[in-house]
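Engineer:
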């Protein structure tokens, strides 16, 4: 019985296969018959039509073809105008420009600080200049006094390069990145900003993505203008002089113009490129810095360890007690408790701000802020004994020596009188 059922199933399957094959052949025959019929009709029209009628038909077809092409070009142009402004200013691109700038700052500062390494005669020349012409250091003094973490951080050994880099990055943020297009052609930017604000009130309302796209494309067109480029060169020269003059007493004994050219080439122009890239992006990029340190009214330093611990996962920390080794919490064995961590961690100084992005989605969506590059900080993570050994075996920084001369009692003093005389944060328990 089972054998007969199997045989019947096999026969049924073969019959179904033959039926499908027959249907495919029939379909092909129908298509071929339709093609032959159309050919016959075409041949009949050609044979029965006169030359004049055929020429009129061809002319009509050519005119229709040209009209369709024109409509297609118009449609393509309209579609292109409706597309959002697309640029390659991705977080990866902006992050790379930021990394290049930070690398240039480090190399530029290191070049003129290294000349004092194990060179007592150059240090004596610098201190003599501070004694004879204290005004030469006024701009540097102003920059350090404005930031509490730098005022205390420069008291830690081997931090001259770090403090100078920190001064440079904060100066760039304040004088370039906090204004649209670094303050170049402010009138044009003001008009663009005004129109952008007005667009948000239009009816029917345009979504945020479309408005940001318009703003980015408009700023990009402004950057390409000859007027902007001329103003950009003049503005870049002013910025170069303002930044380079802060460190002028420390520069190598080289041609003054070459010193300014190196600052323009290595610092100002890359910073301009980064700012223009951030400005012409649909998304909002910005620098964010929290020094986690401040002096209270009694001139007592608050190093902000509790606040710092809360944000450790968002920071890049270099441990000054372990030759600038990056501090990775997950690799700490055994993992200290919160109380132990607070006792072992001391904030020295913030070197570079964080680079953050607010991504604008389609419509009016604004996604949560993301960290493109974390804030870079110098810390001392270790026991009280390790910190004391580091202090005892280290040499005073150039900055400390210079301001010790500047704060000679005969010259009086300001904040530095208390800072130089106070205990460095590395010695705090």
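In my numbering, the protein residues as written are -2 to 426. Don't be surprised by glycine CBs; every beta carbon is placed ideally from N, CA and C. In this text the structure is predicted, and so the values were computed from the model without any measurement.
Helix or strand or just coil, what does DSSP make of residue 136?
Structural biologist: helix
Engineer: Pull up the distance between the alpha-carbon of residue 379 and that of residue 369, whole angstroms please.
Structural biologist: The straight-line gap from Cα to Cα measures roughly 29 angstroms.
Engineer: Compare the C-alpha of residue 138 against each of 367, 355, 246, 363 and name the closest.
Structural biologist: 246
Engineer: If you draw a straight line from the C-alpha of residue 420 to the C-alpha of residue 332, how long is it?
Structural biologist: Caution is warranted here: a pLDDT of 46 is assigned to residue 420, below 50, making its placement in the model unreliable, and the coordinate value is therefore given only provisionally. Rounded to the nearest angstrom, the two C-alpha atoms are 29 angstroms apart.
Engineer: In terms of residue numbering, what span does the alpha helix (DSSP H) encompassing residue 281 cover?
Structural biologist: First-last for residue 281: 281 to 285, but that is the beta strand (DSSP E), not the alpha helix (DSSP H).
Engineer: Determine whether the beta carbon atoms of residue 345 and residue 166 lie at a separation below 9 angstroms.
Structural biologist: No. Outside cutoff.
Engineer: Going by CA-CA distance only, name the one from 97, 192, 169 that's closest to residue 283.
Structural biologist: 169
Engineer: Using a Cβ-Cβ cutoff of less than 6 angstroms, which residues in the same chain neighbour residue 312 once the five nearest sequence positions on both sides are dropped?
Structural biologist: 371, 372, 374
Engineer: For a test of the three-state rule: what should DSSP assign to residue 316, helix, strand or coil?
Structural biologist: Strand, per DSSP.
Engineer: Extract the residue ranges of the alpha helix (DSSP H) inside the segment 107 to 186, only unbroken runs of 4 or more that lie entirely within it.
Structural biologist: Segments of the alpha helix (DSSP H) lying fully in the segment 107 to 186: 117 to 129, 135 to 142, 145 to 150, 157 to 169.
Engineer: Mapping DSSP to helix, strand and coil, what is residue 90?
Structural biologist: Looking at residue 90 - three-state DSSP - the assignment turns out to be helix.
Engineer: The alpha helix (DSSP H) with residue 324 in it runs from where to where?
Structural biologist: Taken as a continuous stretch (DSSP letters only), residue 324 belongs to no alpha helix (DSSP H), as it is neither H nor E.
Engineer: Tell me whether residue 427 is buried or exposed, calling it buried when 16 or more other Cβ atoms sit within 10 Å of its Cβ.
Structural biologist: What the structure shows of the chain is the stretch from -2 to 426, and residue 427 is not part of that stretch, so it cannot be assessed.
Engineer: Would the beta-carbon of residue 101 fall within 9 angstroms of that of residue 263?
Structural biologist: yes
Engineer: Are the beta-carbon atoms of residue 200 and residue 211 separated by less than 9 angstroms?
Structural biologist: With respect to residue 211, residue 200 sits apart: the two C-beta atoms are not nearer than 9 angstroms.
Engineer: Which same chain residues, not among the five before or five after residue 306, have their C-beta less than 8 angstroms away from its C-beta?
Structural biologist: 335, 338, 339, 342
Engineer: What are the boundary residues of the alpha helix (DSSP H) that includes residue 435?
Structural biologist: In this structure the chain extends from -2 to 426, so residue 435 is not present and cannot be described.
Engineer: The beta strand (DSSP E) with residue 344 in it runs from where to where?
Structural biologist: 342 to 349
Engineer: Leaving out five residues on either side along the sequence, give the residues of the same chain with a beta carbon under 8 angstroms from the beta carbon of residue 208.
Structural biologist: For residue 208, where only same-chain residues beyond five positions count, the Cβ hits under 8 angstroms are 193, 196, 197.
Engineer: Just verifying my parser: in three-state terms, what is the DSSP assignment at residue 219?
Structural biologist: Three-state result, residue 219: helix.
Engineer: Could you give the DSSP three-state label for residue 269: helix, strand or coil?
Structural biologist: helix
Engineer: How many Å lie between residue 289 and residue 144 at the Cα?
Structural biologist: 11 angstroms
Engineer: What is the C-beta distance between residue 181 and residue 229, in whole angstroms, given that I count them as a contact (C-beta under 8 angstroms)?
Structural biologist: Contact check for residue 181 and residue 229: beta-carbon distance about 5 angstroms, within the 8 angstroms limit, so the pair qualifies.
Engineer: Check whether the Cβ atoms of residue 354 and residue 204 sit closer than 9 angstroms, and answer yes or no.
Structural biologist: no
Engineer: Kindly indicate the opening and closing residues of the alpha helix (DSSP H) around residue 372.
Structural biologist: Careful: residue 372 lies outside any alpha helix (DSSP H), inside the beta strand (DSSP E) at 372 to 378.
Engineer: Can the beta-carbon of residue 427 be found less than 9 angstroms from the beta-carbon of residue 387?
Structural biologist: Residue 427 lies beyond the range of the chain shown here (-2 to 426); nothing can be said about it.
Engineer: Determine the DSSP secondary structure at residue 354, reduced to helix, strand or coil.
Structural biologist: strand
Engineer: Quick one: does residue 177 have its CB under 9 angstroms from some CB of chain C?
Structural biologist: In the displayed structure, chain C is absent; only one protein chain is listed.
Engineer: Grab me the residues of residue 163's own chain with a C-beta within less than 7 angstroms of its C-beta, minus the 5 sequence neighbours each way, in chain order.
Structural biologist: Answer for residue 163: 147, 346, 347, 348, listed in chain order.
Engineer: Leaving aside the five residues before and after residue 394 along the sequence, list all residues of the same chain whose C-beta is less than 8 angstroms from its C-beta, in chain order.
Structural biologist: 151, 152, 153, 154, 155, 156, 157, 160
Engineer: Contact check, residue 173 vs residue 272 under 8 angstroms by CB: the rounded distance?
Structural biologist: The C-beta distance from residue 173 to residue 272 rounds to 6 angstroms, short enough to meet the 8 angstroms contact threshold.
Engineer: Thinking C-beta only, is residue 179 closer than 9 angstroms to residue 326?
Structural biologist: no
Engineer: Between the C-alpha atoms of residue 62 and residue 51, what's the straight-line distance to the nearest angstrom?
Structural biologist: 17 angstroms
Engineer: Candidates 316, 366, 257: which alpha carbon is nearest residue 383's?
Structural biologist: 316
Engineer: With DSSP as the reference, please indicate the residues paired to residue 427 in a beta bridge.
Structural biologist: Here the chain covers residues -2 to 426 and nothing more, so residue 427 does not appear.
Engineer: Name, in chain order, the residues that DSSP records as bridge partners for residue 368.
Structural biologist: 353
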